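> Going by our numbering, the sequence shown opens with residue 1, and the numbers climb by one from there.
Quick reminder that beta carbons are idealized off the backbone N, C-alpha and C, glycines included.
Small disclaimer: the values here were computed from a predicted structure and weren't measured.
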Amino acid sequence: MMRRKFVTNATVIIILYLALFANACVNNQFHILQTYEVKHIGALILARGGSKGIPLKNISKFGNKTLIANSIEIITKVKGFASIWVSTDSSQIFEEVAAYPVNVHWRAEEFASDKASSISAVQEFLKYHPEIDALALVQCTSPFLKNTYLHKGLEYLKSGNDCVFSVSRSYKLRWGLQNEALIPLNFNPKYRPRRQDWNGEFIENGMFYIALRSLLKRGIFQNNK
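This is the structure in C-alpha cells:
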C-alpha cells in the first residue's frame, strides 16, 4: 500500500511517496525502485541565464541577497548532502556563486533553451556525475524554503522511500471551463464544504524535489505514471 508522510510547518507540507498504491499494485502501474543503499545525495540548483519572463531572475535580489545566494545558504545548512551543484550556462551566475562552497556544472546549450525541461537538464547533469545516487532539485525562485524542510525530506528518502517533494495545502474551490460553461472540479455546489470540514488539496509549491537516480533516469520526479 502507499505510504505517505506529512510534515506541517506553516503552509508547507512535505508529502512522501513510496512507489505503491494498493490498487496500483494490481495494475502494475507503480514500482519500488529503492533496492540499494543511497550513499551520495547531491543538491542541484538549475539556474540558466536566458529566462524570458524576468531576465537573470536567479540573481535578482530578495532582501539583501540574490535568490540563488539565498538558496545556497539554506542548502549548506543541511547535513546530508554529499555535494552541492549549480547548473548554469551564464557567466554572470557563475560569478555570483563563485564565493560559495558549490560546484558548477556548465550546462549544454540545448538543455538551457526556452524549450528545455527541468528533467532534461537534470538528466544531462546526471550523465556526467555517475557517483550521485539521489538528487535534490532545489528551485531558488522559492525564497521561503527552510533548511528544516530539506532535512526532513532527506530523512524520509533515507528511510526507504523513492521520492519526496514539497506541497502546500489549498482550500480553494476550483472551477474549470467545459463547453463554454464553468463546472466545479473539486466540490459539489449543493454541498459547499466549510474550510474546517475538509482537508483541502495538496498543490506542488516547487520548493524542492528529491528523487532516486533510477527514478530521474526514467524522466520523472515522482514515482507514478
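Taking the straight line between their C-alpha atoms, what separation do you get for SER71 and ARG48?
If I take the Cα positions, the gap works out to 15 Å.
> Comparing alpha-carbon positions, which option in VAL167, GLU204, LYS172 and GLU95 lies nearest LEU56?
Checked all of VAL167, GLU204, LYS172 and GLU95; the closest Cα to LEU56 is GLU95.
> Which of the three DSSP states is assigned to ASN147 in this structure?
ASN147 falls in the helix class under three-state DSSP.
> Below 8 Å, how does it come out for the stretch 95-110 and the stretch 174-188: are there three or more Cβ pairs, yes or no?
Touching, no, given that fewer than three Cβ pairs across the two stretches are closer than 8 Å.
> If the criterion is Cβ atoms closer than 9 Å, does the pair SER159 and ASN205 meet it?
Cβ distance not < 9 Å, so SER159 and ASN205 don't count as in contact.
> Please report how far the alpha carbon of VAL164 lies from the alpha carbon of GLY219, in whole angstroms.
Spanning the two alpha carbons is a distance of roughly 15 Å.
> What are the complete alpha helix (DSSP H) segments, minimum 4 residues, inside the stretch 141-203?
Runs of the alpha helix (DSSP H) inside the stretch 141-203: 147-158.
> Could you check what DSSP says for LEU126 in three-state terms: helix, strand or coil?
Helix.
> Taking the alpha carbon of LEU212 as the reference point, which residue from LYS79, ARG174 and ASP162 has its own alpha carbon closest?
It is ASP162 whose Cα lies nearest to the Cα of LEU212.
> PHE208 and GLN139: beta carbons closer than 9 Å?
Yes, they are a contact pair.
> Please determine, among VAL78, GLY42, VAL38 and LYS77, the residue with the shortest C-alpha to C-alpha distance to HIS129.
Ranking the options by Cα distance to HIS129, first place goes to GLY42.
> For LEU215, I'd like the list of residues in its chain whose CB is within less than 7 Å of its CB, leaving aside the five on either flank, ordered along the chain.
Counting only Cβ-Cβ distances below 7 Å, and skipping sequence neighbours, we find LEU33, ASP162, CYS163 and ASN223.
> Quick one: Cα of ALA69 to Cα of ILE59, how far?
The straight-line gap from Cα to Cα measures roughly 8 Å.
> For CYS25, I'd like the list of residues in its chain whose CB is within less than 6 Å of its CB, leaving aside the five on either flank, ordered along the chain.
Unreliable positioning characterises CYS25 in this predicted model, as indicated by a pLDDT of 30, which lies under 50. The coordinate reading is nonetheless provided below. Excluding residues within five positions, none has a Cβ falling inside 6 Å.
> Looking only at its chain, what residues have a beta carbon closer than 8 Å to the beta carbon of TRP254, apart from the 5 residues adjacent to it on each side?
Beyond the ends of the chain as shown, which are 1 and 225, falls residue 254; an answer cannot be given.
> Between the Cα of LEU173 and the Cα atoms of PRO193, LEU150, GLU37 and ALA98, which residue gives the shortest distance?
Of the listed residues, the one whose Cα sits closest to LEU173 is PRO193.
> Compute the distance between the beta-carbons of ILE84 and ALA134, then report whether it is under 9 Å.
Result no, Cβ atoms of ILE84 and ALA134 do not sit closer than 9 Å.
> When you compare only the Cα positions, how much space is there between ASN199 and SER142?
Roughly 24 Å between the two C-alpha positions.
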